[in-house]
Amino acid sequence: MASNVSELTTYNAFLAGEWKKSSSGETIAIKSPYLRETIGYVQAVTQDEVDQAIQAAHEAQKSWALLSLSERGAYLERWADELEKNDKEIATAIMQEVGKGYNDARKEVVRTADLIRYTVQEALHLHGESLRGDGFPGGSQKKLGIVERVPLGVVLAIAPFNYPVNLSASKIAPALMAGNGVIFKPATQGSISGIKMVEALSRTGLPKGIISLTTGRGSVIGDYLVEHKGINMISFTGGSSTGRHLSQQSAMIPLVLELGGKDPAIVCEDADLDVAVKSIMNGAFSYSGQRCTAIKRVLVNEKVADELVSRLKAEVEKLTVGSPEDDSTIVPLIDDKAADFVQGLIDDALDKNATLVTGNKREDNLLYPTLLDNVTEEMKVAWIEPFGPVLPVIHVQSDDEAIALANKSEFGLQASVFTQDIDRALDVARQVEAGTVQINGRTERGPDHFPFLGVKASGMGVQGIHNSLISMSRQKVTVMNLK
Ligand code: G3H
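So this is what it looks like as structure tokens:
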């Protein structure tokens with residue numbers, strides 16, 4: 001694919017209110033997944049610089065928390081405006097850096113501006129409460145408790161590559177509105193997009209030091225940040241193994257983890273197959289399946305399995321494959337290692353006699369969409385999250401069998417159930433162990449004001465705009481003992 005990267009920029013880190021080079025003198029090359037060449041360099045920040053950033057965030061946070069909610073909100077409103085004004089430039093950065101289709105990258109920027117504005121409004125409308133002591137046996141009316149929400153201090157926001165702007169802002173915006181300082185650690189692949197997003201924020205004139213952006217090597221600053229005594233809360237989106245490690249490293253501070261998934265689409269024999277096929281296609285293959293909420297397995301009733309598979313095959317073969325610059329649905333995966341991993345899952349399934357319906361073609365890190373039928377429990381692809389364009393189909397005899405297979409997974413992010421019988425849908429939804437169950441629709445995080453959570457290895461805590469504000473603040477009770 002032809003490169004349109006003319007000259008390479010070395011991006012500075014945003015540390016304690018200044019855009020600057022790291023004293024390490026080292027940079028990290030960012031390679032585009034589809035151009036397959038370096039598109040820029042980011043700073044490899046040191047541990048000393050992390051210390052300085054955290055200290056600056058604590059200092060700035062004291063006066064930030066004293067600003068009124070509407071003053072804080074005004075900065076964030078300007079941030080949303082800046083993102084919209086620069087949507088094409090930021091979308092181009094997302095496209096080049098993580099290989100997301102240009103239109104989807106633009107939608108990510110617009111969605112982020114909407115999310116920020118909603119976060120401001122939600123924060124403006126959060127209220128505390130007051131309680132009288134006489135509600136409890138022996139209590140007195142003269143005891144009056146005032147319950148308010150106060151900031152936690154400094155929040156560490158760690159974002160993944162696949163939504164380098166949206167999943168960063170969905171942590172930063174509630175953290176700031178709740179009155180916290182922020183240390184933002186983008187995914188290395190995603191750093192340039194994160195920098196562009198923070199540039200937009202810094203143009204609002206935000207107080208110096210309230211947010212720092214620490215790009216760098218996980219091996220140098222990853223654990224250091226997570227274990228740092230100056231961090232008061234961590235919001236992380238990424239893989240389950242990193243999430244587990246992080247929960248062991250970060251002792252005694254609140255943690256919200258959005259991790260992996262193996263979201264099943266349960267297709268009953270009475271499903272509207274038009275709806276099921278459309279939802280499964282969109283759920284499984286958009287951005288080459290590089291979404292935690294992608295549909296990652298189909299559990300279909302034997303009675304409609306052949307029809308479903310033949311209709312899915314026809315749709316898979318229509319998917320556009322190629323460059324994100326052409327808005328292809330199937331784009332090169334984030335790197336060669338990711339493609340090798342997905343290929344390994346496909347090879348294992350085929351070795352164990354899965355039926356290759358279509359796909360299993362590869363050009364470097366571009367994997368063609370692959371549909372596997374007659375997948376069984378012995379195959380890795382039945383259980384492991386690929387984060388790539390492969391969809392395994394497992395035949396079941398009953399809803400009970402589908403539910404048992406759905407729940408046997410270590411993950412529990414979301415699930416879809418397709419049936420035209422609402423009682424049946426609700427019964428399946430009740431029994432599936434997942435943060436969210438979608439009835440007759442694809443698995444997805446949005447709309448962004450809905451609670452978003454995973455159970456088991458899929459996460460801890462709850463996101464979504466309201467819940468993020470709650471998790472990034474705490475209750476403070478002041479009790480008046482009246483005469
Ligand atoms: O990759 C994880 C994201 O939270 C998924 O978000 O459902 O909007 O694609 P999405």
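If you're matching positions, the sequence shown starts at 1 in UniProt numbering and goes up one per residue.
The beta carbon of each residue, even a glycine, is placed where N, CA and C say it ideally should be.
Since the model is a prediction, treat every value here as computed from it, not as a measurement.
Please classify residue i as buried or exposed, where buried requires at least 16 neighbouring CB atoms within 10 angstroms.
| i | result |
| --- | --- |
| residue 4 | Its pLDDT being 43, under 50, residue 4 is placed unreliably in this model, and the coordinates cannot settle the point. |
| residue 173 | buried |
| residue 158 | buried |
| residue 263 | buried |
| residue 137 | exposed |
| residue 8 | exposed |
| residue 430 | exposed |
| residue 141 | exposed |
| residue 108 | buried |
| residue 491 | As displayed, the chain neither begins before 1 nor continues past 483, which places residue 491 out of reach and without an answer. |
| residue 307 | exposed |
| residue 379 | buried |
| residue 301 | buried |
| residue 447 | exposed |
| residue 353 | exposed |
| residue 466 | buried |
| residue 395 | buried |
| residue 373 | buried |
Going by DSSP, what residue range makes up the alpha helix (DSSP H) through residue i?
| i | result |
| --- | --- |
| residue 395 | Careful: residue 395 lies outside any alpha helix (DSSP H), inside the beta strand (DSSP E) at 390-396. |
| residue 117 | 102-124 |
| residue 234 | Careful: residue 234 lies outside any alpha helix (DSSP H), inside the beta strand (DSSP E) at 233-237. |
| residue 94 | 87-98 |
| residue 55 | 47-64 |
| residue 176 | 166-177 |
| residue 346 | 336-351 |
| residue 197 | 191-202 |
| residue 425 | 422-431 |
With distances taken Cα to Cα, identify the nearest neighbour of residue i among the options.
| i | options | result |
| --- | --- | --- |
| residue 161 | 191, 369, 153 | 191 |
| residue 319 | 205, 288, 348 | 288 |
| residue 323 | 368, 141, 55, 252 | 368 |
| residue 96 | 475, 17, 33, 303 | 33 |
| residue 14 | 134, 216, 145 | 216 |
| residue 400 | 384, 393, 417, 385 | 417 |
| residue 435 | 444, 443, 413 | 413 |
| residue 415 | 393, 442, 390, 391 | 442 |
| residue 272 | 258, 295, 252, 304 | 304 |
| residue 121 | 42, 70, 226, 99 | 70 |
| residue 485 | 49, 327, 239, 375 | As displayed, the chain neither begins before 1 nor continues past 483, which places residue 485 out of reach and without an answer. |
| residue 59 | 130, 154, 101 | 154 |
| residue 358 | 381, 315, 144 | 315 |
| residue 93 | 254, 41, 428 | 41 |
| residue 29 | 43, 219, 23 | 43 |
| residue 479 | 130, 22, 356 | 130 |
| residue 270 | 50, 48, 424, 312 | 424 |
| residue 456 | 432, 35, 392, 464 | 432 |
| residue 246 | 222, 268, 67 | 222 |
| residue 252 | 239, 226, 218 | 226 |
| residue 67 | 82, 111, 181 | 181 |
For residue i, which residues does DSSP report across the bridge?
| i | result |
| --- | --- |
| residue 148 | 476 |
| residue 28 | 42 |
| residue 459 | 258 |
| residue 211 | 182 |
| residue 20 | 13 |
| residue 452 | 463 |
| residue 263 | 295 |
| residue 362 | 367 |
| residue 481 | 143 |
| residue 156 | 183, 234 |
| residue 355 | 373 |
Span of the beta strand (DSSP E) holding residue i?
| i | result |
| --- | --- |
| residue 13 | 13-15 |
| residue 373 | 370-373 |
| residue 132 | 129-132 |
| residue 301 | 295-301 |
| residue 415 | 414-418 |
| residue 271 | Neither: residue 271 is in no beta strand (DSSP E) and is coded neither H nor E. |
| residue 436 | 436-439 |
Please determine whether the Cβ atom of residue i lies at a distance below 6 Å from any heavy atom of the ligand COA.
| i | result |
| --- | --- |
| residue 132 | You won't find the ligand COA in this model; what it holds is the ligand G3H. |
If you pair each beta-carbon of the region 205-216 with each one of the region 176-184, do three or more pairs fall below 8 Å?
yes
Counting pairs of Cβ atoms below 8 Å between the region 229-245 and the region 110-124, do you hit three or more?
no
Is the number of C-beta pairs between the region 70-83 and the region 194-206 that are closer than 8 Å three or more?
yes
Counting Cβ pairs closer than 8 Å, one from the region 45-62 and one from the region 88-108, do we hit at least three?
no
Say whether the region 146-157 touches the region 464-483, bearing in mind that this needs 3 or more beta-carbon pairs closer than 8 Å, one atom from each stretch.
yes
Check whether the region 405-421 and the region 247-265 are in contact - that is, three or more C-beta pairs closer than 8 Å.
yes
Can you find at least 3 beta carbon pairs, one from the region 366-384 and one from the region 420-436, that sit closer than 8 Å?
no
For the pair the region 452-459 and the region 272-280, tell me if three or more CB-CB distances fall below 8 Å.
no
Count the C-beta pairs between the region 326-344 and the region 377-395 that are closer than 8 Å, then say yes if the count reaches three, no if not.
yes
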